[in-house]
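Number of protein chains: 4
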Amino acid sequence: MGTDRPAKGRLREHVFRIIFGTGTPAGRLFDVLLLWAIVISVTLVMLESVAEIKLRYGRSLYLAELGFTALFTVEYLLRLWSIDRPIRYARSFFGIVDLLSILPTYLGLVFGGMHSLMVIRSLRLLRIFRILKLVRFVSEAGSLARALRASRRKITVFLLVVFAITVVFGTLMYMVESPEAGFTSIPRSIYWAIVTLTTVGYGDIAPQTIVGQALASFIMILGYGIIAVPTGIVSAEMVRTNNDPGMECMSCHATGHLDDARFCRKCGAKMPLQA
Amino acid sequence: MGTDRPAKGRLREHVFRIIFGTGTPAGRLFDVLLLWAIVISVTLVMLESVAEIKLRYGRSLYLAELGFTALFTVEYLLRLWSIDRPIRYARSFFGIVDLLSILPTYLGLVFGGMHSLMVIRSLRLLRIFRILKLVRFVSEAGSLARALRASRRKITVFLLVVFAITVVFGTLMYMVESPEAGFTSIPRSIYWAIVTLTTVGYGDIAPQTIVGQALASFIMILGYGIIAVPTGIVSAEMVRTNNDPGMECMSCHATGHLDDARFCRKCGAKMPLQA
Amino acid sequence: MGTDRPAKGRLREHVFRIIFGTGTPAGRLFDVLLLWAIVISVTLVMLESVAEIKLRYGRSLYLAELGFTALFTVEYLLRLWSIDRPIRYARSFFGIVDLLSILPTYLGLVFGGMHSLMVIRSLRLLRIFRILKLVRFVSEAGSLARALRASRRKITVFLLVVFAITVVFGTLMYMVESPEAGFTSIPRSIYWAIVTLTTVGYGDIAPQTIVGQALASFIMILGYGIIAVPTGIVSAEMVRTNNDPGMECMSCHATGHLDDARFCRKCGAKMPLQA
Amino acid sequence: MGTDRPAKGRLREHVFRIIFGTGTPAGRLFDVLLLWAIVISVTLVMLESVAEIKLRYGRSLYLAELGFTALFTVEYLLRLWSIDRPIRYARSFFGIVDLLSILPTYLGLVFGGMHSLMVIRSLRLLRIFRILKLVRFVSEAGSLARALRASRRKITVFLLVVFAITVVFGTLMYMVESPEAGFTSIPRSIYWAIVTLTTVGYGDIAPQTIVGQALASFIMILGYGIIAVPTGIVSAEMVRTNNDPGMECMSCHATGHLDDARFCRKCGAKMPLQA
């Protein structure tokens, strides 16, 4: 977001500073109002799905919905209008989220109103993704994301291994257990293996035979033990990134010197002794 | 609590030292007695809620309850009387907990006795919060609290992300699964997503369709994996606070000496002995 | 165990070396045989509890049981006889475990045979504790135990906090939910809170109301998050103990020097430079 | 695999480089094709186990199955032919997996067709182990495997302790709970203890008595707490392996230089550039 710039023109620059910026009182107020609009709008979508509430307040909810859609539409258009490269914004993560926040309602209006097709009604539920607009407000996410990105490959390997384990054990359980216990097909048995390995354990499918229970015990203990792996990966990464950048050299500004370094590792200049 | 001081007057100072202090034998004895009073009192509230026990021992429990309330009332009043700034104490965390420990019983007495209004009876259950008085005895909590406080923001971000995930996946499941499987509304589906992501897995709501089970598998593995994030945050924080820089040498300012070092590891100068 | 010494006399010393030691081929053979005896004996106790197996092989199992009891009795007596301080051994952890391994069978013989009193039969099941004899074979447990011992206080505080949370939320759920959902008393509601906070989630008790499910969601996310605390404690402790003992001083044999130390931190002698 | 060499002869060397190697474009293409073949083949086995799909597409699935078997047979034979020590390959882990991937189909053809013997069909499911061939593609697994191997003994001790705990508590629960609650034998009670300790919690077996629920609560909190142990072990190990000692200076032998250091931090001498 740091490289975004306002489009030319006084009004546009002003609007840009309010909508995209947080440095002015007006910009901060806009953020707070937007935050509340998102939270209320998402809550309304949730409430609408409860049968009793829809029966009683259906009409009011629909009107409120139209209002919020109008609001978010204005916000979206203003963003497009005030930024210098609107296409780039429209194709960015936030641009797509902003568009998805308003599109379902319009689709519902076009394709036959509120109560018609199931597909359209389902689409309208996608308005709940407005919650992703909240991510804009998260500034602390950076160091978390960095630690995750640095461990990306190790985590992928871990997930691959987990997947292979569930496939193998799901198949074994399908061979060992009867369909009556719920192991009716291999995909379903793999589903059970995932439920068990991740220690979720619904209990809708559960082994009945001795051999099945022994296998299940093995998967459980495995799942209980290997959760240590992603945890260890992320912990180690965070311990590493938590470590100081180290002393800085006065002449070349290189960092990463240990506390007792006496010469700069980059330019060889003498380092000052630590006070 | 360290800046609390007794009110003026000999008796008050004496009482203060017994009630708030732990340095004298009387103070320690008071703490032990209070500890037992809290534990027994909380146990009685629990027992009273078991139907059979209440039927048989209801009267004795009620009398014991009155006795403990009297005891805690005296304790509360003595605290108010012996401290120099009673208002500040009354508005502190422990002051409020101490008041809440006795208030419900008195409300029960005033508003129509023991067996009358449901609301009042519920309020009386709040006496169970006396358990929070135990926190007073916890001195080791400091470093835990510090580590948690230092990671506060990262944990908030993490919880926000977790909440956003559950909202999005709860809605998707509501669209995909039928109400018969338990996904009757978005809030309920979000509840299911939380139950699944945290690997609790009651099993009262469980996906039945292939698509639903695939989505559920994804949430489970996600939940199994991202638990590494808060764990990594706290681990890294604790490793960091565990890492003392160590003592510093007075003549060459080298650091990294263990607590029992007697000579500087850099210049060989004598280190001061630790008190 | 390191300070145990054989009783005087040639034969006793010889027996001691076989039973307590692992340095001679005979000592190692004894350990392997004992290991198998424990494993088979524990397996037999388990099998005896399966109704069909007991019906068919009850008599053989009983005879095998008598045989193993005789074997472990001889082992116990030989240990008492060959050690120089038998009382100390008898009162040690392993002494008590060794006694408990044989006592239940004798109690069963004395108090009316195999099929009589329920209490005695239950006692006989305690033979399963023979599994604890296996702990003797675990030599790697040291560093684990050290890390746990060092974090003992923090873990106690953590468990106290967890217990307080479950008491408070169990009571709240008892107030909010109906007995029909399974929340029939405060102790039972606390049991539910523990099941939920630890992410076990049986599902035999589950909230039905919106408020109850909201509270439950809170506990779940709390439980999902605070598992980071014991994990962080133990990780930090292990990272700390994993760190090298450091260089050793040639003149006073003190350890704990960093790699770049030039003077001993204990005696001030010059340290050799690392090659 | 690093010490494998091609058999003599031009063509064999060429084939070897494609099948076993990843250094040439052809070798990489082969790997990608093989990967897809495995994934599709495994998917087909899964789909075949779903009753409705088998009914409709049974014949096509059977033909595809024959095709994949032919393909993997050719691959297996080419591997045997192009390597210099075919026996060693055939007896290696992947050699056996490769053989197991094709054997069940041939057995099915010989012993009476596709729908006949249940045992043969079960064998055919072993083809699923083809997914283990995916491990070949994982290069990042190395550091994970190293950390796990380094903690191998501690993890074994941990698993032994976990097993001992479940045996002891399973037996106690068998003594305390009635068979009606599902605790019909000690092995089944131990199974329950594993389900509970690992926080899976199916709920098919759940304690009903107060004492049983108290014991269960204890196991849950224990399981919730000791998961910190494997996590701590692996985290500590990963932190350790993450901590490079860094480059060493050639003239003063000081360590702790980052990879991009150009001057020694102790004596200021020039460091060699990293290749």
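Chains as they are written, first to last, in our numbering: chain P, 1 to 275; chain S, 1 to 275; chain W, 1 to 275; chain F, 1 to 275.
No residue lacks a Cβ here, since even glycine has one placed at the ideal position from N, Cα and C.
Check                                                                                                                                                           : Outcome
Say whether chain S places a C-beta atom closer than 8 Å to the C-beta of Met238 of chain P.                                                                    : yes
Does any residue of chain P have a CB that is nearer than 8 Å to the CB of Pro187 of chain F?                                                                   : yes
Determine whether the Cβ of Gly182 of chain W lies closer than 8 Å to any Cβ atom of chain S.                                                                   : no
Check this for me: beta carbons of Glu237 of chain F and Ala147 of chain F, under 8 Å apart or not?                                                             : yes
Let me confirm a value: Leu144 of chain W is counted as buried when at least 16 other C-beta atoms fall within 10 Å, else exposed. Which label applies?         : buried
Would the stretch 28 to 36 of chain F count as touching the stretch 90 to 97 of chain F if we require 3 or more Cβ pairs under 8 Å?                             : no
Measuring CA to CA, which of F:Glu13, F:Arg188 and F:Val211 is closest to Val176 of chain F?                                                                    : F:Val211
Helix, strand or coil for Lys270 of chain S per DSSP?                                                                                                           : strand
Take Thr196 of chain F as the anchor and find which of P:Ala216, P:Leu159, P:Ile190 and P:Leu47 has the nearest alpha-carbon.                                   : P:Ala216
Is any beta-carbon of chain W found at less than 8 Å from that of Gly232 of chain F?                                                                            : yes
Between Ser235 of chain S and chain F, is there a C-beta pair that is closer than 8 Å?                                                                          : yes
Starting from Lys282 of chain P, trace the alpha helix (DSSP H) both ways and give me its first and last residue.                                               : Past the edges of chain P, shown from 1 to 275, lies residue 282 of chain P, and the structure says nothing about it.
Can you grab the Cα-Cα spacing for the pair Arg188 of chain P / Phe218 of chain F, in whole Å?                                                                  : 33 Å
Please report the residue range of the alpha helix (DSSP H) in which Gln213 of chain W lies.                                                                    : Ile210 to Ile226
Looking at the strands, I want to know which residues DSSP matches up with Pro6 of chain P.                                                                     : P:Ile83
Quick one: which chain S residues come within Cβ less than 8 Å of Thr196 of chain W?                                                                            : Val200
Going by C-alpha to C-alpha distance, which of S:Gly232, S:Ile83 and S:Asp98 sits closest to Arg12 of chain S?                                                  : S:Ile83
Under 8 Å Cβ to Cβ from Gly23 of chain S, same chain only, skipping five residues before and after it: list those, please.                                      : Arg17
Taking the continuous alpha helix (DSSP H) assigned at Ile38 of chain W, which residues delimit it?                                                             : Pro25 to Glu48
According to DSSP, is Ser235 of chain S part of a helix, a strand, or is it coil?                                                                               : helix
Rounded to whole angstroms, what's the CA-CA distance from Met118 of chain F to Leu66 of chain F? Just pull it up for me.                                       : A caution first: Met118 of chain F carries a pLDDT of 44, below 50, which makes its placement in the model too unreliable to give a value.
Got a sec? Which residues, its chain only, sit under 7 Å from Leu78 of chain W by beta carbon, not counting five neighbours each side?                          : Val15 and Ile19
I want to verify the contact list: residues of chain F whose CB lies under 7 Å from the CB of Gly203 of chain S, in sequence order.                             : Gly203
May I have the straight-line CA-CA distance separating Gly170 of chain F from Val42 of chain P, to the nearest angstrom?                                        : 47 Å
Going by the CB atoms, is the gap between Ile221 of chain P and Ile194 of chain F shorter than 8 Å?                                                             : yes
Got a sec? Which residues, its chain only, sit under 8 Å from Ser116 of chain S by beta carbon, not counting five neighbours each side?                         : Confidence is the limiting factor: at Ser116 of chain S the pLDDT is only 45, short of 50, which leaves the residue's position unreliable, though a coordinate-based value still follows. If we look at Ser116 of chain S and ignore the five residues flanking it on each side, it has no Cβ neighbours.
Check whether the Cβ of Ile38 of chain P lies closer than 8 Å to any Cβ atom in chain F.                                                                        : no
Tell me the residue span of the alpha helix (DSSP H) that contains Ile205 of chain P.                                                                           : Counting along the chain, Ile205 of chain P falls outside any alpha helix (DSSP H), and DSSP gives it neither H nor E.
Would you call the CB atoms of Tyr191 of chain S and Gln208 of chain W closer than 8 Å?                                                                         : no
Could you have a look at Ser92 of chain F and say whether DSSP puts it in helix, strand or coil?                                                                : coil
With DSSP collapsed to three states, give me the class of Thr184 of chain S.                                                                                    : coil
Considering only residues of the same chain and omitting the five flanking positions on each side of Leu44 of chain S, which have a CB-CB separation below 8 Å? : Leu61, Ala64, Glu65 and Phe68
Going by beta-carbon coordinates alone, are Thr198 of chain P and Tyr202 of chain S separated by less than 8 Å?                                                 : no
Can you tell me the Cα-Cα spacing of Arg28 of chain F and Gly21 of chain F, whole angstroms?                                                                    : 8 Å
Does the CB of Ile155 of chain F have a neighbour CB from chain P at under 8 Å?                                                                                 : yes
Roughly how many angstroms lie between the CA atoms of Val183 of chain P and Ser235 of chain F, to the nearest whole one?                                       : As written in the sequence, residue 183 of chain P is Phe, which differs from the Val given in the question. When rounded, the distance between both Cα atoms is 36 Å.
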